[in-house]
Amino acid sequence: MMLGLDTSKKQGIFGTYVMLWVSSHVLVYASKMPGAPQYNATSVVLITEAVKLVMALAFYRRYDGDTAQLVREVRGSTDLLLQYVVPALLYCVYNNLVYVNLTFFDPGTYNVLMQLRIVLTGVLYQLLFSTRLGRNQWLAIILIMLGCVCKESPKLFGAAGRVPSALSHAWVLLAFQMVCSVFAGVYNEKLLKKDGKDGRRVGTNLQNAYMYLNSIWCNLAFLVLNGTLQEAVHPDNLRAVFSPTVLAIVAIMASVGMVTGFFLKILDSVLKSVASAVEVLLTTLLSTLFFGTPLALADVLAAAMVGGGVALYARPAGGRGAVPAATGASELSELIPMGLKK
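Just add 81 to the spot in the sequence shown (first one is 1) and you have our numbering.
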């Protein structure tokens, strides 16, 4: 089965994850078009995290247990709650560095350089987990990365054929952003698959709630330390945030956050990187369809390279298949919300 997605649950999670991210990209692009209301991005991230926390707790009540059981589980896993400070802080730094780095790099250069996360994900995956990537998986990751570079190459090199320059500290910030993104994703996966003190795993919904609660505190701290708390609660910003387009972004990103937890639990970070590469190309096609963005030769070549990488990832090498998605995933069948059950 392509990419090891051998069950309808795995296929549903992979497809839903890609669909939600592509939809968010299209809506964010639309929200930045001329005439759209301006909004404080951190406040949108904060509201999204709050919605995700409510969703995680609601799914816990629906699939896992009542309030009394929730209290007992929290008391028995406070160490895990504290461990989630690390990925929450990393994701907070990553989300805010997006806006900082886009003041130094044009969007094309930024998007190309960020694709290096795919290779870094593979390296960290081998360091933190016992499963090792095969030759074909490494070749596939490299091919997907090159496809993403090919897609943005006209913007990267520009008409003059020279790579645009950037300040040295900007490159350091960009590298730090990539490290935050990759390490947070892989570390989050490790926590999701970690057994508790009694040998039992804390449920995905409760672990998601731990992540979102810590993310809320981290983003609140960022607003205070950055001096933008008053801007975030200003009536003009609130009107923009509660506009239909931005509310749709919040709803989609909240759903993505929930699906990501199940993605990492049942699949893995490498497949998450593959899904991210597919998103880039689907977003390009939809931008052409909805916004009239030209479809250049580089886009066609990128589609072929990424498609070939996806196929290569699922091809066995030396009798070995693709990296297993996850162990013990079958025990989660009763936890999967949003129509992802078989």
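Using N, Cα and C, we set each Cβ at its ideal position, and we do this for glycine too.
Could you check how far apart the C-beta atoms of residue i and residue j are, in whole angstroms? I think they sit under 8 Å.
i: Val337; j: Leu101; result: 4 Å
i: Ile330; j: Val174; result: No, Ile330 and Val174 are not in contact; Cβ-Cβ is about 21 Å, not under 8 Å.
i: Asn300; j: Pro168; result: Asn300 to Pro168, Cβ: 14 Å. No contact.
i: Thr123; j: Ala313; result: 7 Å
i: Val155; j: Leu162; result: 7 Å
i: Val327; j: Ser112; result: 6 Å
i: Leu194; j: Leu393; result: The pair is not a contact, with the Cβ atoms about 23 Å apart (cut-off 8 Å).
i: Val103; j: Glu360; result: 5 Å
Using the C-alpha atoms, what's the distance from residue j back to residue i?
i: Leu370; j: Thr159; result: 48 Å
i: Leu275; j: Val99; result: As written in the sequence, residue 275 is Lys, which differs from the Leu given in the question. Taking the straight line joining both Cα atoms gives about 26 Å.
i: Phe95; j: Ala356; result: 7 Å
i: Cys231; j: Leu254; result: 23 Å
i: Ala265; j: Thr364; result: 24 Å
i: Ile333; j: Leu170; result: 22 Å
i: Val152; j: Val340; result: 24 Å
i: Pro316; j: Lys90; result: 43 Å
i: Leu376; j: Leu362; result: 11 Å
i: Gly390; j: Met226; result: 9 Å
i: Lys353; j: Gly308; result: 34 Å
i: Arg281; j: Ala302; result: 33 Å
i: Lys271; j: Leu208; result: 11 Å
i: Arg216; j: Val260; result: 24 Å
i: Gly157; j: Gln150; result: 11 Å
i: Met292; j: Leu366; result: 33 Å
i: Ala358; j: Tyr144; result: 32 Å
i: Val267; j: Pro325; result: 33 Å
i: Leu306; j: Ala256; result: 23 Å
To which residues of the same chain is residue i closer than 7 Å at the C-beta, ignoring the five residues directly before and after it?
i: Leu273; result: Thr285, Gln288, Gly342, Leu345, Lys346
i: Ala131; result: Ile297
i: Leu294; result: Leu134
i: Val166; result: Asn295
i: Val263; result: Arg198, Leu201, Thr202, Leu205
i: Val404; result: Summary for Val404: the model assigns pLDDT 45, below 50, so the residue's position carries little reliability; its value from the coordinates is reported in the next sentence. The answer, listed in chain order, is Thr212, Leu214, Gln218, Asp349, Val351.
i: Ile128; result: Val322, Val331
i: Tyr180; result: Ala122
i: Gln258; result: Tyr175, Leu178, Asn182
i: Gly400; result: Its pLDDT being 42, under 50, Gly400 is placed unreliably by the model, and the measurement read from it follows with that caveat. Excluding residues within five positions, none has a Cβ falling inside 7 Å.
i: Tyr172; result: Ala265, Ser296
i: Gln196; result: Met226, Cys229, Val230
Output needed for residue i: all residues of its chain with C-beta closer than 6 Å, excluding positions within five of it in sequence on either side, in chain order.
i: Thr374; result: Ser368
i: Gly228; result: Ala383, Met386, Val387
i: Gln92; result: Leu86
i: Thr97; result: Val340
Quick one: what's got a C-beta closer than 8 Å to residue i's C-beta in the same chain, skipping five residues either side?
i: Ala290; result: Leu134, Ala137, Leu138, Tyr141
i: Ser105; result: Ile330, Ile333, Met334, Val337
i: Leu304; result: Thr123, Ser124, Leu127, Leu310, Ala313
i: Tyr110; result: Ser368, Phe372
i: Thr148; result: Arg142
i: Gly146; result: Glu154
Nearest chain D C-beta to residue i closer than 8 Å, yes or no?
i: Leu163; result: Of the chains in the structure shown, none is chain D; there is only one protein chain.
Is it the case that the CB of residue i approaches a heavy atom of the ligand ZN more closely than 7 Å?
i: Gln218; result: In terms of ligand content, the structure shown is empty, and the ligand ZN therefore cannot be addressed.
### Message
Does the stretch 205-225 come into contact with the stretch 371-384, if we say contact requires no fewer than three beta-carbon pairs (one atom in each stretch) closer than 8 Å?
### Response
no
### Query
Does the stretch 114-121 come close enough to the stretch 308-328 that 3 or more CB-CB pairs lie under 8 Å?
yes
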